[in-house]
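Colleague:
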Amino acid sequence: MELKIDPEFKAAIQPLSSEELAQLEANIQAHGCRDPLVIWGETIVDGHHRYEICQRLGIPFQTVSMEFSDRASAKIWMLHNQLGRRNLNDYQRSEIALQLEGIFKEQAKERQGTRTDLDPPIINFVPTLAQSAESIEAPTLAPRQDRQKTETEHGKSRTRDAIAKTAGVSHGTIDKVKAIRAAAIPEVQDMARSGAVSIHAASQIADLPVEEQEEIAEEIADGAKAAEALKKHVHVAQNSGNNEWYTPGEIIRTAKAAMGAIDCDPASSELANETVGATFFYSETQNGLTLPWSGRVWLNPPYAQPLIAQFAEAVASKYEAGEYEQACILVNNATETGWFQRILSVASGACFPSSRIRFLSPDNKQGAPLQGQAILYVGDDFQRFADAFGKLGAVLSRWSR
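Using UniProt numbering, the first residue of the sequence shown is number 1, and each one after it goes up by one.
1) What do you reckon, are the CB atoms on A309 and A196 nearer than 7 angstroms?
2) I need the straight-line Cα distance from D90 to V169, nearest angstrom please.
3) Go ahead and pull the three-state DSSP assignment for I59.
4) Would you report the Cα separation of E8 and A255, rounded to the nearest angstrom?
5) Distance, Cα to Cα, L307 vs E250?
6) Closest to T285 by CA distance: which of D380, W399, V297, E270 is it?
7) Using three-state DSSP, classify T254 as helix, strand or coil.
8) According to DSSP, simplified to helix, strand and coil, what is N332?
9) On the DSSP letters alone, give me the boundaries of the beta strand (DSSP E) that I39 sits inside.
10) Just how far apart, CA to CA, sit G338 and L208?
11) Between which two residues does the beta strand (DSSP E) holding V45 run?
12) Go through its chain and collect everything with a Cβ distance to D46's Cβ below 7 angstroms, but skip five positions before and after it.
13) So what does A183 bridge to, in DSSP terms?
14) For a test of the three-state rule: what should DSSP assign to K4, helix, strand or coil?
15) Among E313, Q305, I252, which has the Cα closest to the Cα of R296?
16) Look at A327 and V395 and say whether their C-beta atoms are less than 7 angstroms apart.
17) Indicate the three-state DSSP secondary structure (helix, strand or coil) for S18 in the structure shown.
18) Could you spell out where the alpha helix (DSSP H) holding Q82 opens and where it closes?
19) Using alpha carbons as the reference points, say which of S317, I216, N87 lies closest to E20.
20) Between which two residues does the beta strand (DSSP E) holding S397 run?
21) With the cut-off set at 7 angstroms, would you say K109 and A12 are in Cβ contact?
22) Output the boundary residues of the beta strand (DSSP E) element that contains Q371.
23) For the beta strand (DSSP E) containing W298, list its first residue and its last residue.
24) Going straight from the alpha carbon of V177 to that of A386, what length do you get?
25) According to DSSP, simplified to helix, strand and coil, what is G277?
26) When burial is assigned at 16 or more other CB atoms within 10 Å of the CB, is Q373 buried or exposed?
27) Taking 7 angstroms as the threshold (C-beta atoms), are V346 and Y319 in contact?
28) Do you know offhand how far A334's Cα is from F340's?
29) From the DSSP secondary-structure annotation, give me the bridge partner or partners of D265.
30) Among I59, Q55, G172, R34, which has the Cα closest to the Cα of A97?
31) Near V126, which residues of its chain fall below 8 angstroms by C-beta distance, leaving aside the five closest residues on each side in sequence?
32) Distance check for S355 and E101, CA to CA, integer angstroms please.
33) Does the Cβ of T247 have 16 or more other Cβ atoms within 10 Å, making it buried, or fewer, making it exposed?
34) From I28 to D175, what distance separates their C-alpha atoms?
35) If you count every other CB in all the chains shown that lies within 10 Å of the CB of D222, and 16 or more means buried, which is it?
36) If you reduce the DSSP assignment to three classes, tell me which class A327 lands in.
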């Protein structure tokens, strides 16, 4: 029987390790294909590996059909099926959670402009294998009096909570995996996926330049422990391990000269704002990632993962949405990283100081920087930025977007 393999569906399943694949083939050779393949029409939605083995070895197999309303529903079933049947680690579970998150975001976009009050909000989305495809598409309803509030105020948060609960991992773990997928080289991602490297170690490796990631991956492949390899390579700026390091006053004064003033600092504290002097700021407990920015923004973000990647995404997406006018962002000059490139995607220019910036600790002591920095400018007045920051080092403008 010839079945169809959908590339998108096949890519959605977690790959088997070489050992797992060999064991599966041995079991099928010894006992036949005992579990039926699940198909939607003629397309496989469960059993891709079994189908390949059976076709290659000429071993018969059975199928069972399921019906889905659309491709998204089929993928959702596939992802939940993996969570229920496979012995997955937290990295793999987080990858599945991110796939679910992507599907729900697309569905939300499609629903824009429609009457969402007619659709049930997702409050509890933890189906079991015993549930049919139709029951997966019908999550638990919130009480009627809470539905409008859930949709308008808590919809995104509750969907995110439901996804994390379904995957059996925390929001923090999912965020770290998201940062790893954005910045780590494929070899590091594969090591994290296989469990050879912990999620924490992989997130630290992902924050390094590509060349160093490649060296670490090679050392680990040769038998070195991730922690030992990291010790020899980690060189991120002083405030990467402790986010409470403040910007020297000279840099702040230069940023004010470039933008005229600082209206918003989304990653600050009362002590830091004594120097920054922003009209308003958000502290760590307030979480500036989730709150509105406006006007002229100064940002010296936390340099540890996954926060640096999250703030980089906020810089870009909030500017693209027209939420603020200008920004000066002080970061490590890690030009190879995904988060740095994300800021560059909206930046008009950048300054690379001729010397490393000596950040200040909460007790006003200067740190010993281990890496150079860059000040990235987002906005429409590049010439003013260049005039202000030109005294600190080379200033480069965007050639094309």
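All C-beta atoms, glycine included, are put in the ideal place defined by N, C-alpha and C. Fair warning: this is a prediction, and the values are worked out from it, not measured in the lab.
Modeller: Let me lay it out:
1) no
2) 7 angstroms
3) coil
4) 46 angstroms
5) 25 angstroms
6) E270
7) helix
8) strand
9) 37-40
10) 10 angstroms
11) 43-46
12) L37, V38, M78, N81
13) BP columns for A183 are empty, so no partner.
14) strand
15) I252
16) no
17) helix
18) 71-85
19) N87
20) 393-397
21) no
22) No beta strand (DSSP E) contains Q371, which DSSP labels as neither H nor E.
23) 296-299
24) 37 angstroms
25) coil
26) buried
27) yes
28) 6 angstroms
29) F281
30) G172
31) Confidence at V126 is low in this model, with a pLDDT of 41, below 50, so the placement of that residue is unreliable and no value is reported for it.
32) 42 angstroms
33) buried
34) 38 angstroms
35) exposed
36) strand
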